[in-house]
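To start, the structure itself, in C-alpha cells.
There are 2 protein chains.
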Amino acid sequence: MPAGVIEAAAERLTALRRLLGGLDLDAAVISRPAHMRYFSGFKLSRGEEATSGHSGTLFVTADEQLILADARYIEQAQAETPTWELVTTSRTLAEELSELLGSRDVLHCGLEAESLTHADWSDIAQLAPGSELHRIDEELAALRVIKDEREIELIARACALGDRCFQYLLGVLRPGMSERELAWELESFLRANGSEGLAFDPIVLAGPRASMPHGRPSDARIEPGNVLLLDFGCQVDGYRSDMTRTVFVGEPDDELRGLYATVQAAQQAAIDVVQPGVTGSAVDAAAREVIAAAGHGDAFGHGLGHGIGLETHEAPVLRRYAQPLQVGMVFSLEPGIYLPGRTGIRIEDIVALEASGPRLLTTSPRGALVIG
Amino acid sequence: MPAGVIEAAAERLTALRRLLGGLDLDAAVISRPAHMRYFSGFKLSRGEEATSGHSGTLFVTADEQLILADARYIEQAQAETPTWELVTTSRTLAEELSELLGSRDVLHCGLEAESLTHADWSDIAQLAPGSELHRIDEELAALRVIKDEREIELIARACALGDRCFQYLLGVLRPGMSERELAWELESFLRANGSEGLAFDPIVLAGPRASMPHGRPSDARIEPGNVLLLDFGCQVDGYRSDMTRTVFVGEPDDELRGLYATVQAAQQAAIDVVQPGVTGSAVDAAAREVIAAAGHGDAFGHGLGHGIGLETHEAPVLRRYAQPLQVGMVFSLEPGIYLPGRTGIRIEDIVALEASGPRLLTTSPRGALVIG
Chain A
5 MPAGVIEAAA ERLTALRRLL GGLDLDAAVI SRPAHMRYFS GFKLSRGEEA TSGHSGTLFV
65 TADEQLILAD ARYIEQAQAE TPTWELVTTS RTLAEELSEL LGSRDVLHCG LEAESLTHAD
125 WSDIAQLAPG SELHRIDEEL AALRVIKDER EIELIARACA LGDRCFQYLL GVLRPGMSER
185 ELAWELESFL RANGSEGLAF DPIVLAGPRA SMPHGRPSDA RIEPGNVLLL DFGCQVDGYR
245 SDMTRTVFVG EPDDELRGLY ATVQAAQQAA IDVVQPGVTG SAVDAAAREV IAAAGHGDAF
305 GHGLGHGIGL ETHEAPVLRR YAQPLQVGMV FSLEPGIYLP GRTGIRIEDI VALEASGPRL
365 LTTSPRGALV IG
Chain G
5 MPAGVIEAAA ERLTALRRLL GGLDLDAAVI SRPAHMRYFS GFKLSRGEEA TSGHSGTLFV
65 TADEQLILAD ARYIEQAQAE TPTWELVTTS RTLAEELSEL LGSRDVLHCG LEAESLTHAD
125 WSDIAQLAPG SELHRIDEEL AALRVIKDER EIELIARACA LGDRCFQYLL GVLRPGMSER
185 ELAWELESFL RANGSEGLAF DPIVLAGPRA SMPHGRPSDA RIEPGNVLLL DFGCQVDGYR
245 SDMTRTVFVG EPDDELRGLY ATVQAAQQAA IDVVQPGVTG SAVDAAAREV IAAAGHGDAF
305 GHGLGHGIGL ETHEAPVLRR YAQPLQVGMV FSLEPGIYLP GRTGIRIEDI VALEASGPRL
365 LTTSPRGALV IG
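Chains as they are written, first to last, in our numbering: chain A, 5 to 376; chain G, 5 to 376.
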C-alpha cells in the first residue's frame, strides 16, 4: 500500500476509537462492507458472500483491532490488512462475538443496526447478555461523510470514466438497438476501461419506459422520437460514480423540450444555491420549487440527491439533511420529471463541495442533446 | 405471463397462506428479493435499491395481497404483478407497515429476521406495539426448497449455459493471460449468450492463489505449471447456476494429480451416497471422509454443498441439514482441498434429486484436464 493510504487508514482507526470514547463504548463490531473497507482496507466484493452469511467482521476496542473471517476469506484478509490481527472463524457470528465480548469484559458495544440482520442482532444479544448493544450507524456514516483529497480524486476518476462512457455511447447508439444491447455496450466499455465493476445495474430506458426511475433495460427498441434515459456508475478503487443523461432520439416536440428545460433549470437552481453552510433540505427545495412552479410537483417522486463514496447511496441524503452541508461532502444533484406511460427526464451530476462552492466531478454537457 | 407461471404463482400464494394458518399468524411481511419474486413475480434486480432502502415489500393476509413500493418502482410492480394490489409508499417501511398492521388488527405477524435489518425490525416493533412479531425465515425457505418442474428446467438451462461457457473458456485460454482477462471473457460469454446477470462475481484463480476459496480475479498471469480454478454461475429467468472446475495449465506433478484424484473421489462418494431419504449431513460426511483419509481433513474448510434456485446459496445447506433429502431438491456438491501458498483444487456440480437418485445438471467432464 502507498504510504498515504496507510496513514489514512491509521487516522480512520483513530477517529473510530475517538468515537467509541465519546459514546462510552468499549468496542465496535463492524460488518458493512463499505465500513470494513474504509477502516481496514479489507475488500469484500459483491460475490457469493452476499448470500452466504458472514465473510468478514471487524472487532475494535481501545487497544485491539481484529478481523474475523472464515476459512474462505482469511488468506485475502491477511494480504489486505497487514496491521490487523486475524481470527479464523468457524461458528456463527453471534457465537464468535459472544466469546470476544465476554473475554474482553465489554459492557457497551456499538453495532450497525442498519446492516446487521435482526436475526444476528438478537442472537448476539441472547448469547452475550453481559454486553449492552447500541446502534452506531449514524455515527459511522458521519465519520465517512467528509471525503479526504484521495477519496475525492478517486470519485473524480470514476466520474471521468463515466463521462467517457457517455461519449462512447453517443457514438455507438443507433435507432433500432434494444435497451439491453446499449446497456451491454455501456458495461463492456466501463469494464474494458478500468472500472472494477459497476456501481449498480445500469438503467437504460427508451420512450415511455423512461418514466420508471429505476427500471431495468429490456428488449424494447430505441426508436426515433424516443427519449433515452441513461443512468449508470462505475467504481475506481471502491469509489463510485453515478450520472444520468436523458437524450432525444430525433427532434423532440415542444412539450418534451419544455420538460427538459424545466429539469435542467431545477438542477441549475440547486447548483446555484449549494454552498457550505446551506442545508441539504434547502438545496432539495430549491430544485423542487422550479419543478412545482412548472406544474409538475407531483411528477418528481424522489429526493434531489444522495452522498456517494464507497457506497453509491450514502450520507448526506439531501432531502432529509437539515444540517449545514460541509466542505468535502460529495453528492448527486438529480431532479427528474416522470409522466407514467408518456416519458421521463432526469439529469444527474456529482458535485464535491469546496469552500468556494460546488465542483462538478461529472462534466458531460447538461443541455438537451438530439441524436440522429 | 404463460399460464403455467400464473398457476404456479397462485399455488405458492396458497401455500404461503396455509403456512400462516398453521403458525396462527394473521399476516406476513416479505421483502427478501428472492421471496418477493417467488410469491409475486416482482423482480427487483441487484441495483441501486441495494443501497437505498426499501424498494418493495409484500404484505399478505388471509384475504389480501399487497405490494408496497415507492414511486421509483411502482410502475414496474404494476406490470409484473397483475394480481396484487399496489400501495405507493413515501414513508419508512416501519411507518407504512405499522399503519397496515393497525388497520387490519394483526395480532401476530411473520417477518424475515434473516433479511430485515435490526433497525427496521425494532422500528416496526416500536410503531406497531399491538402486533407480535415472529421469525418465519426457516418456514419460508422450506416452502422454496422443493423445486417444481419449471424451476428445475430453468436451473438446468442456467447450468447448460455454464457448461457451454466452460468449453468456450478452454478454447480462448492462453498461458500469459491474466485472471482478470479470463474473468472478463467468462462474463462476456455468459451475457452475450442469454444470462440475465451473473449469479455472483466469478472466481478465476491461478497457481497458489487458488487456495483462496473465494478469492477475486487479479492481474496475476496464468502460467504453465499453474492450476487454474474457475467458479462461476449465471442466471436464467432468475434461477442460478454454479459450477467449479480446476484445470492444469501444463502437465501437473504427481502431488497435484494426487490431490485432484482425492477431490474427485470425494465428490464421487457424495454422488454415490446421495438419495432421497439420506440426510444432507451424511452426504457431506461421505465426501469429507475421503479427503480426511487422504490426510487433508483440515484443508477442506467449507461445507460440501448448498441449495440453489432464485438465490445462489439457499436451503438445504448439506453439512447442517440433518433431515432427509427429498425429491425436487437442487444443490451443489463441491469438495475442495486448499493448501495456502501452494494450491487449491475444487470440483463443483449441481444435482437435482430425483426418485432414482441425483441427476447432474452440470455435465462438463469432471476428470483432470490438462491445457496447453
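C-beta: ideal position from N, C-alpha, C; glycine also. Small disclaimer: the values here were computed from a predicted structure and weren't measured.
Between E200 of chain G and C238 of chain G, what straight-line distance do the alpha-carbon atoms span, to the nearest angstrom?
Those two C-alpha atoms are separated by around 7 Å.
At 4 residues or longer, and completely inside the region 149 to 213 of chain A: list those alpha helix (DSSP H) runs for me, N to C.
DSSP runs (the alpha helix (DSSP H)) wholly in the region 149 to 213 of chain A: 153 to 176 and 183 to 196.
Does the region 188 to 203 of chain G touch the region 330 to 341 of chain G, meaning 3 or more C-beta pairs lie closer than 8 Å?
Because the criterion of three Cβ pairs below 8 Å is not met, the region 330 to 341 of chain G and the region 188 to 203 of chain G do not touch.
For a cutoff of 8 Å on Cβ pairs, would you count A98 of chain A as touching chain G?
Not one chain G Cβ lies under 8 Å of A98 of chain A.
What's the C-alpha gap between E189 of chain A and L190 of chain G?
Rounded to the nearest angstrom, the two C-alpha atoms are 16 Å apart.
Keeping to the same chain, check which residues put their C-beta closer than 6 Å to that of L209 of chain A; ignore five residues upstream and five downstream.
Taken in chain order, the residues that qualify are G219 and L233.
Any idea what DSSP makes of H39 of chain G, helix, strand or coil?
Reduced to three states, the DSSP call for H39 of chain G is helix.
Give the residues from the region 119 to 139 of chain G that approach chain A closer than 8 Å (Cβ to any Cβ), ordered along the chain.
Per Cβ criterion, the list reads S119, L120, T121, H122, A123, D124, W125, S126 and R139.
For the region 179 to 194 of chain A, list every residue whose C-beta sits within 9 Å of some C-beta in chain G, in sequence order.
Cβ contacts with chain G come from W188, E191 and S192.
May I ask you to verify whether the region 297 to 311 of chain G touches the region 113 to 130 of chain G, counting CB pairs closer than 8 Å and requiring at least 3?
As far as the Cβ criterion goes, the region 297 to 311 of chain G does not touch the region 113 to 130 of chain G, which means the pair count is below three.
Tell me the residue span of the beta strand (DSSP E) that contains Y264 of chain A.
Y264 of chain A -> not in any beta strand (DSSP E); alpha helix (DSSP H) instead, spanning D258 to V277.
Counting only beta-carbon atoms, is H215 of chain A nearer than 8 Å to chain G?
Before going on, a small fix: residue 215 of chain A reads as Ser here, not His. By this cut-off, S215 of chain A is an interface position.
May I ask which residues mark the beginning and end of the alpha helix (DSSP H) holding I341 of chain G?
Premise fails: I341 of chain G lies in the beta strand (DSSP E), G340 to L343, not in any alpha helix (DSSP H).
Comparing the C-beta of D223 of chain G with each C-beta of chain A, is any distance below 8 Å?
Chain A contact via Cβ: absent.
So R76 of chain A contacts chain G; which residues on that side make the cut at Cβ distance below 8 Å?
Near R76 of chain A (Cβ distances below 8 Å), the residues of chain G are M216, P217, H218, G305 and H306.
Can you look up R323 of chain A in the DSSP assignment and give me helix, strand or coil?
Reduced to three states, the DSSP call for R323 of chain A is helix.
Could you check whether the region 221 to 228 of chain A touches the region 169 to 188 of chain A, counting it as contact only if at least three pairs of C-beta atoms, one from each stretch, sit closer than 8 Å?
The region 221 to 228 of chain A is in contact with the region 169 to 188 of chain A.
Counting Cβ pairs, one atom from each stretch, are 3 or more of them under 8 Å apart for the region 348 to 355 of chain A and the region 237 to 257 of chain A?
Taking 8 Å as the limit for Cβ pairs, the verdict is that the region 237 to 257 of chain A does touch the region 348 to 355 of chain A.
So with Cβ pairs under 8 Å, would you call I339 of chain A a contact of chain G?
Per the sequence presented here, residue 339 of chain A reads as Pro, with Ile not at that position. So no, P339 of chain A is outside the interface.
To the nearest angstrom, how far is it from the Cα of Q69 of chain A to the Cα of S59 of chain A?
Each residue's Cα considered, the two are about 17 Å apart.
Can you give me the C-alpha to C-alpha distance between L263 of chain G and S102 of chain A, rounded to a whole angstrom?
Cα to Cα, the separation comes out at about 37 Å.
Of all the CB atoms in chain A, is at least one closer than 8 Å to the CB of Q80 of chain G?
Chain A, which has a Cβ nearer than 8 Å to the Cβ of Q80 of chain G, makes this yes.
Give me, in chain order, the residues of the same chain whose beta-carbon lies closer than 7 Å to that of T65 of chain A; leave out the 5 immediate sequence neighbours on both sides.
Answer for T65 of chain A: D30, A31 and R108, listed in chain order.
Could you tell me whether the Cβ of P320 of chain A comes closer than 8 Å to any Cβ of chain G?
Not an interface residue.
Would you say P1 of chain G faces chain A, with C-beta separation under 8 Å as the test?
Missing from the structure shown is residue 1 of chain G; chain G here goes from 5 to 376 and no further.
Is it the case that the region 317 to 333 of chain G contacts the region 86 to 95 of chain A, given that we only count it when at least three CB pairs across the two stretches are under 8 Å?
With a cut-off of 8 Å, the region 317 to 333 of chain G and the region 86 to 95 of chain A do not count as touching, because too few Cβ pairs lie within range.
I need the boundaries of the beta strand (DSSP E) containing R363 of chain A, first residue and last residue.
Residues G361 to L364.
Using the beta-carbon count (16 or more within 10 Å), is Q80 of chain A buried or exposed?
Buried, by the Cβ-count rule.
Going by beta carbon distance, what residues of the same chain come within less than 6 Å of M143 of chain A, once the five residues before and after it are set aside?
The amino acid at residue 143 of chain A is misidentified as Met; the sequence shows Glu. The answer, listed in chain order, is L23.
Around the C-beta of Q271 of chain A, are 16 or more other C-beta atoms found within 10 angstroms, so that it is buried, or is it exposed?
Buried: at least 16 other Cβ atoms inside 10 Å.
Check whether the Cβ atoms of P228 of chain G and V253 of chain G sit closer than 8 Å, and answer yes or no.
Yes, the pair counts as a contact, with Cβ atoms nearer than the cut-off.
Using only CA atoms, which one of G:A19, G:D257, G:A14 and G:G198 lies nearest to T347 of chain G?
Out of G:A19, G:D257, G:A14 and G:G198, G:D257 has the C-alpha closest to the C-alpha of T347 of chain G.
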